[in-house]
Amino acid sequence: MSLAWLTPPVTLTGGRMFVCDPLTPEQCAWYMQRWHYWYIADYVFALPTVAFFMSVIGVFIIGHFASSLLFRHRKLQRVSIWQKSIAGIRWLSYRGFHVKQLRWNSAPVGVLLLGAVGTIFFFCMDLVPKPYYWPSEIYGNSPALATRSGWLATACMPFVFATASKTNWITLLTGVSHERLQVFHRWIAYAFFILALLHTFPFIVYHIRWHDMEAHFASNLLFYWTGIVALVFQAWLTFMSHSTIRSLGYEFFKITHFVSVAIFMLTFFWHCDYTLTSWHYFIATAAVYVPCFVYPWLRAIFEYRWTQQAHIVVEDNGFTRITVPVKFHWTPGQHCFLRFTSFGFLQSISTHPFTICSSPANSTNEQNELVFYLRHQGGFTAKLYQHALDHADKPVRVQIDGPYGGVNSSRLHDADHLVVIAGGAGAGWCLPFVERFVRSAATSGDEEQGYNAPTDEKTVSAGERRVSAEKTAVRGRHHNPTSLRVILATRDTSSRIWFERTVSELLARYPASSVSSSIRVQVYLTGEAAEKADLPHKSLDRTSSQGATSSNDERIVDPEKGVETAVPGKEFEGRPKLPLIIQDEAAKVAEAGESLGVYVCGPTTMLNDVRNAVASANLNILKGSRSGSVYLHSEHFEWA
């Protein structure tokens, strides 16, 4: 926008100089209004966008720290107002909708409401101010709608990158894991792209209206071409990141995504051409993203010693098991990104997320084993499966990035009762919960026997009494769940046998008396597995059997190997009626005023049933018909 025709000067915000001639006083007064003036558009539109995003993040930061403080005081959790407040927030966080025809789950109601607030904000900021186009060329060559949209879009850029990386500041401050931020990453990217379109097309409409499109394009060639190239690559980044397209070729997606980001940022930077404060947003983007991008590499080099040796074998049920020795700690449900350097160039520059299916030792200094169970589909997982068949004894070099995500340790420890639900390939996901529970139960039993053992005061030193008192105090501060119910639904016979044998072997490592009465494992068989299994419960009424509980050991025989497994639980035919099961468990904890933690990993229909059942339980607490608390943690099969 040229200043050659403007005299005399007027000083406005930030020391910027403006002039009004040859405008009339009325035109000048109208043009210099807050929503019209081009020279303060970055202050008027971009800064409020930054304030909007920062306010939303600030609310989650406050909620995160308030929640952490609350869960340190168990007495405060039983206060009615706190229970209802938490139940209301959890209802918003869990309640969702399922579109059966598309096999698609919506985001929770709370996230949808947050998206609606963002949509209203951007539409109001962009479309409510008038005019969209200048009534005359004397106001400049940038249409008002294009100016507003451009600054709103530019202000979105740092937040698109802030929600993109695995290690990020938002996760650090809010406790929301990076994979759960992906929905906001995509939604902000959609807003970024739509606003970019609303910035582009008004120029075309405006100059076609004044019949100077060709002349204006020729005189501003660099400006237009850099904008067009940036928009093309932004469109690629926005639409080619959809899960349907991404699943067709993950490695191709990752490479093209990073290349497109680099080209987009370069051309967009060139396009902005240091207009007003536009480059400030590039600096902010770099300040937010670069440390988060560099940190995992530094951790891999200095803490994880760059690469580790991984052993890959095929389990009896066809799962591919990857075992990596490490010396760090993790929690159930966490995942790592693995980069395999032995499978060619394409694999060595891409990483793949896999959920950890093992539990670490209690000591952080001990050698632990990361164990991953994969069900091979196509692409890279099929390549790993074939490698395990052909070279079972040959280790491969792997680079670890993680762990990330996982369950909230405070919620896991503070729950009085646990229900862990999985479907199909989620069988391996259950194992860390089982191992952690039986280890805690066994440890608590040993400690209790040691503390209650009679001692001779004359033979016990003052130092020993002090250590014993300290251990007793620590034991009093820490709370462990008292029961665990594991529910697996599978249609695969080999997976059923594998899971039951693995759980049995895990339980055999600890004293049976510590866990036999507090853990139940229930396997629901569908399809092929139900046809091949000889279940004594088939004659029972299905509704009653699915609600039944038992602590009697079931002896399961592997038809191929003749191996007997002892699992504290039962098998049932058909799909579990999860809403009824969760309703029953929630009623039990409500009567005792206790807490229930529900953890689920499975297909979309299973996730939808569980989250809505837990949402209903929290709604009952909110209405005052029940007490206690019901918490949910869910994992998807598909990534992000």
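Heads up, the sequence shown is in the working numbering, so the first residue is 564 and it goes up one at a time.
Note that the Cβ used here is the ideal one computed from N, Cα and C, for glycine as well.
The beta carbon of Thr612 sits closer than 6 Å to those of Leu715 and Ala718, all from its chain and outside the five residues before and after it, given in chain order.
Residue burial is scored here from C-beta neighbours: Val822 has fewer than 16 other C-beta atoms within 10 angstroms and is therefore classed as exposed.
Residue His939 holds the alpha-carbon nearest to the alpha-carbon of Arg884 among Val1049, Phe616, Ile1145 and His939. With 16 or more other Cβ atoms from the protein chains shown falling within 10 Å of its own Cβ, Leu1195 counts as buried. Taking a C-beta distance under 7 Å as the contact criterion, Leu994 and Cys899 do not qualify as a contact pair.
Taking 7 Å as the cut-off, the beta carbon of Ala1150 is found no closer than this to the beta carbon of Ser1190. A straight line joining the alpha-carbon of Gln949 with that of Gln872 spans about 18 Å.
The stretch 790-798 and the stretch 734-745 do not touch, with fewer than three beta-carbon pairs separated by less than 8 Å.
By a beta-carbon distance limit of 8 Å, Val887 does not contact Leu952. Their separation comes to about 19 Å. Of all alpha-carbon atoms in Leu1170, Ala924 and Ala1176, the one lying nearest the alpha-carbon of Asp1147 is that of Ala1176. Closest in C-alpha terms to Tyr936, from the list Asp956, Val970, Gly896 and Gly907, comes Gly896.
Taking C-beta atoms under 8 Å as the contact rule, Val961 and Arg902 qualify, at a distance of about 7 Å. Ile984: member of the beta strand (DSSP E) spanning His980 to Gly986, first to last residue. In the structure shown, Tyr852 falls within a helical segment according to DSSP collapsed to helix, strand and coil.
Between the stretch 910-919 and the stretch 860-880, the count of Cβ pairs shorter than 8 Å is below three; the stretches do not touch.
For Asp979, the closest alpha carbon among the candidates Val877, Lys1186 and Glu1157 is that of Glu1157. Tyr769: member of the alpha helix (DSSP H) spanning His741 to Arg772, first to last residue. Here the alpha carbons of Pro706 and Pro765 stand approximately 6 Å from one another. No Cβ-Cβ contact shorter than 7 Å links Val680 with Leu655. The shortest C-alpha to C-alpha distance from Trp1061 to any of Ala650, Val1161, Glu878 and Val768 is the one to Glu878.
At the C-beta level, His762 and Gly713 come within 7 Å of one another. Per DSSP, the continuous beta strand (DSSP E) segment holding Ser1197 begins and ends at Ser1192 to His1199. Its Cα nearest to that of Ser1192, the residue Gln646 stands out among Gln646, Leu633 and Tyr602. Secondary structure at Lys1133: strand, using DSSP grouped into helix, strand and coil. Three or more Cβ pairs drawn from the stretch 973-991 and the stretch 1162-1179 lie within less than 8 Å of each other, which places the two stretches in contact. Here DSSP, grouped into helix, strand and coil, assigns Leu586 to coil. Shown here for Gln910: same chain residues with a beta carbon closer than 6 Å to its own, the five before and five after excluded, namely Phe903 in chain order. Comparing C-alpha distances from Ile1145 to each of Ala1178, His599 and Phe1135 shows the shortest one belongs to Ala1178. The beta-bridge partner set that DSSP reports for Phe827 is empty. Counting of Cβ neighbours within 10 angstroms places Ala990 among the buried residues, the total reaching 16 or more. Here Tyr1087 is buried: its Cβ has 16 or more other Cβ atoms, across all protein chains shown, within 10 Å. Comparing alpha-carbon positions, the option among Val619, Ala629 and Ala650 lying closest to Val674 turns out to be Val619. Thr1168 places its beta carbon 7 Å or farther from that of Arg1138.
The continuous alpha helix (DSSP H) containing Pro1142 extends over residues Leu1141 to Ala1155. Thr587 sits exposed, since fewer than 16 C-beta atoms from the chains shown fall within 10 Å of its C-beta. For Ser630, the uninterrupted alpha helix (DSSP H) segment begins and ends at Leu610 to Leu633.
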